[in-house]
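Numbered by UniProt numbering, the letters in the sequence shown go through residues 1 to 273 in order. Just so it is clear, CB atoms sit at the ideal spot from N, CA and C, and this is done for glycine as well.
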Amino acid sequence: MNETGKVRAGEAAPKGIPFYLPQGNECALFEHAWRNRLPLLIKGPTGCGKTRFVAHMAARLGRPLITVACHDDLTAADLVGRHLIGDGVTYWADGPLTRAVREGGICYLDEVVEARKDTTVVLHPLTDDRRILPIERTGEVLEAPPEFMLVVSYNPGYQNLLKGLKPSTRQRFVAIRLGFPPPELERRIVAHEGGVDEALAGRLVQLGQALRNLTEHDLEEGASTRLLVYAARLVASGVHLREACQVALVESLTDDEDTVSALAEVVDAVLGA
Ligand SMILES: Nc1ncnc2c1ncn2[C@@H]1O[C@H](COP(=O)(O)OP(=O)(O)O)[C@@H](O)[C@H]1O
Ligand SMILES: [Mg+2]
Numbered sequence: 001m002n003e004t005g006k007v008r009a010g011e012a013a014p015k016g017i018p019f020y021l022p023q024g025n026e027c028a029l030f031e032h033a034w035r036n037r038l039p040l041l042i043k044g045p046t047g048c049g050k051t052r053f054v055a056h057m058a059a060r061l062g063r064p065l066i067t068v069a070c071h072d073d074l075t076a077a078d079l080v081g082r083h084l085i086g087d088g089v090t091y092w093a094d095g096p097l098t099r100a101v102r103e104g105g106i107c108y109l110d111e112v113v114e115a116r117k118d119t120t121v122v123l124h125p126l127t128d129d130r131r132i133l134p135i136e137r138t139g140e141v142l143e144a145p146p147e148f149m150l151v152v153s154y155n156p157g158y159q160n161l162l163k164g165l166k167p168s169t170r171q172r173f174v175a176i177r178l179g180f181p182p183p184e185l186e187r188r189i190v191a192h193e194g195g196v197d198e199a200l201a202g203r204l205v206q207l208g209q210a211l212r213n214l215t216e217h218d219l220e221e222g223a224s225t226r227l228l229v230y231a232a233r234l235v236a237s238g239v240h241l242r243e244a245c246q247v248a249l250v251e252s253l254t255d256d257e258d259t260v261s262a263l264a265e266v267v268d269a270v271l272g273a
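This is how it looks when you write it as structure tokens:
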């Protein structure tokens, strides 16, 4: 941080801040969005660094991070809160969204398209000028403090047409697209996160690239940075490279046996049979 509390892109993260190597200008954009009280949507494939990016920025900005993994059973009450009964008395328990608003935290809704449409509607008054959270069941209307920020992420890749965000929801967000990091960056990430040297990390990244090229035809999703990190960790812990790639990259990407063989061939070709 410099004197004005701003974070510079590419600056080494101080202790206690989760490691994140930016792909572009996303750190500065996140900070601008936060300062201007704009909600943020982050899109990108599984395992490309979305969650890590948010954790990194929350720590950099010194805000508590409240993460919700969205799923199709998630109700508005799961986000906002509900009355509970304990020792014969009824009491109100804040949900994660309400807690984040009260604390001036960053509320991160992961895979937001999984949530039901009626659930995402509770976000609307928080994501326009009003920045309020009406809690129907208690009659309370919370005003979000300036430090509060709503961040949502989703993976545009494996979406069926029925899903996706309603325009009335998505047009409330500033949107940043992340992809898999370019090879040079990904090599540093895999080395750091996987605990391997850069030479080995480079080979894994090269393999990841080759698998991604192939997967455009056979698979819904390519080998993620996360899976490359897993492979690296296994190798660092003593698993043979080929076996690590088999379990972290080949079998985890597909169940189809023909595709498994095709991926295994790519592994052999890149690592040298
Ligand atoms: N830019 C990055 N800087 C540091 N680590 C990264 C980066 N991108 C990916 N990673 C690594 O990949 C893993 C998966 O990333 P994650 O943020 O969980 O992906 P997503 O939320 O997009 O599915 C992280 O735990 C981290 O080890
Ligand atoms: Mg995630």
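Quick one: does the C-beta of residue i sit closer than 8 Å to a heavy atom of ligand 1?
i: residue 229; result: yes
So, is residue i buried or exposed, given that buried needs 16 or more other C-beta atoms within 10 angstroms?
i: residue 146; result: exposed
i: residue 85; result: exposed
i: residue 110; result: buried
i: residue 90; result: exposed
i: residue 161; result: With a pLDDT of only 48 at residue 161, under the threshold of 50, the placement of this residue in the model should not be trusted; the figure read from the coordinates follows. The residue in question, residue 161, is exposed, as its Cβ has fewer than 16 Cβ neighbours within 10 Å.
i: residue 164; result: exposed
i: residue 58; result: buried
i: residue 56; result: buried
i: residue 15; result: exposed
i: residue 23; result: buried
i: residue 182; result: exposed
i: residue 34; result: buried
i: residue 151; result: buried
i: residue 232; result: buried
i: residue 45; result: buried
i: residue 168; result: exposed
i: residue 4; result: The pLDDT assigned to residue 4 is 42, lower than 50, so where the model puts this residue is not dependable, and the model offers no usable value.
i: residue 117; result: exposed
Going by the DSSP bridge assignment, what does residue i pair with across the sheet?
i: residue 121; result: For residue 121, which the question treats as bridged, DSSP gives no partner whatsoever.
i: residue 71; result: Answer is none; residue 71 lacks a bridge partner.
i: residue 84; result: 91
i: residue 275; result: Any property of residue 275 remains undetermined from this structure, which presents the chain solely from 1 to 273.
i: residue 108; result: 67, 151
i: residue 17; result: According to DSSP, residue 17 bridges with nothing at all.
Quick check: does the Cβ of residue i come within less than 8 Å of any heavy atom belonging to ligand 2?
i: residue 129; result: no
i: residue 153; result: yes
i: residue 110; result: yes
Does DSSP put residue i in a helix, a strand or coil?
i: residue 230; result: helix
i: residue 97; result: helix
i: residue 223; result: coil
i: residue 245; result: helix
i: residue 42; result: strand
i: residue 161; result: Unreliable placement is indicated for residue 161, whose pLDDT of 48 sits below 50; the coordinate value is still reported in the next sentence. Coil at residue 161, not helix or strand.
i: residue 183; result: helix
i: residue 198; result: helix
| task | Give me every residue whose Cβ sits closer than 6 Å to any heavy atom of ligand 1, in chain order. | result | Those residues, listed in chain order, are 19, 20, 21, 44, 46, 47, 48, 49, 50, 51, 52, 181, 189, 193, 225, 226, 229.
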